[in-house]
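Residue numbers (the numbering used here): 23 to 248.
Input: a single structure, listed below in structure tokens.
Set out below in structure tokens:
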């Protein structure tokens with residue numbers, strides 16, 4: 023069985039602040055210097071994976087934009103921060119009896135993608151290795167819909183999930199066209215079943231994400247961090 027990283031790798035000590043920037047109108051990178059630092063961080067992270075014999079390498083989430091114990095926040099924010107229709111800051115994320123120090127992204131309009139998001143990530147890893155690559159984009163569409171503050175779709179989780187899935191589909195097709203071998207997101211419906219009963223349309227949402235996408239697809243069923 024091919025080996026790969028599931029989630030994030032420790033961020034390189036010299037990395038500070040945002041790599042990709044936030045907002046649909048932002049340039050591809052926050053600065054030229056950050057682009058070079060990021061590529062250096064990816065090269066080191068990829069070398070570590072190659073040294074231990076990892077078969078399918080990733081950027082180890084060096085594009086995550088914080089250096090605290092709450093890197094988990096990027097799972098909730100990475101995609102919404104780059105999609106039209108989302109704005110930062112919302113209600114706290116509550117999982118069971120635990121309130122996380124992480125805010126929900128807030129939906130205020132139609133969810134739309136304006137430009138490729140993970141293109142710089144793919145380019146950075148491709149420059150560091152000739153091994154097969156995987157990109158982890160964070161949360162899946164249904165989980166993101168459940169963990170957003172919805173002020174536009176009238177609380178219709180299904181409609182919001184399908185809107186997010188349509189955007190993912192465009193992003194995945196773009197990455198596949200650029201030669202990416204594998205894409206991954208986390209859809210931990212087992213953990214979040216208490217927020218909403220599992221329904222058959224959730225499978226249709228997954229299929230919408232991957233419709234016409236010609237690469238290996240990974241859906242991570244996460245049980246949380248203990």
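By construction, the Cβ of each residue, glycine as well, lies at the ideal position given by its N, Cα and C atoms.
Here the structure is a predicted model, which is why all the values come from computation and not from measurement.
If you draw a straight line from the C-alpha of residue i to the C-alpha of residue j, how long is it?
i	j	result
residue 190	residue 200	15 Å
residue 60	residue 71	17 Å
residue 153	residue 176	45 Å
residue 227	residue 167	11 Å
residue 187	residue 230	6 Å
residue 194	residue 233	10 Å
residue 180	residue 164	8 Å
residue 109	residue 130	7 Å
residue 91	residue 39	Note that residue 91 has pLDDT 48, beneath the 50 cutoff, so the model's placement of it is unreliable and no number is given.
Which word fits residue i, buried or exposed, when buried means at least 16 other C-beta atoms lie within 10 angstroms of its C-beta?
i	result
residue 133	buried
residue 170	buried
residue 156	buried
residue 4	In this structure the chain extends from 23 to 248, so residue 4 is not present and cannot be described.
residue 33	buried
Looking only at C-alpha atoms, which of the options sits nearest to residue i?
i	options	result
residue 244	207, 236, 221 and 219	207
residue 203	238, 175 and 211	238
residue 159	236, 205, 49 and 54	205
residue 137	51, 35 and 23	51
residue 162	184, 150 and 144	184
Going by DSSP, what residues sit across from residue i in a beta bridge?
i	result
residue 236	Residue 236 is not bridged to any residue.
residue 172	129
residue 84	Its beta-bridge partners do not exist; DSSP assigns none.
residue 161	208
residue 121	116
residue 134	106
residue 155	79
- request: Could you tell me which uninterrupted alpha helix (DSSP H) segments, each at least 4 residues in length, are contained entirely in the region 27 to 111, listed from first to last along the chain?
  value: 54 to 73 and 95 to 99
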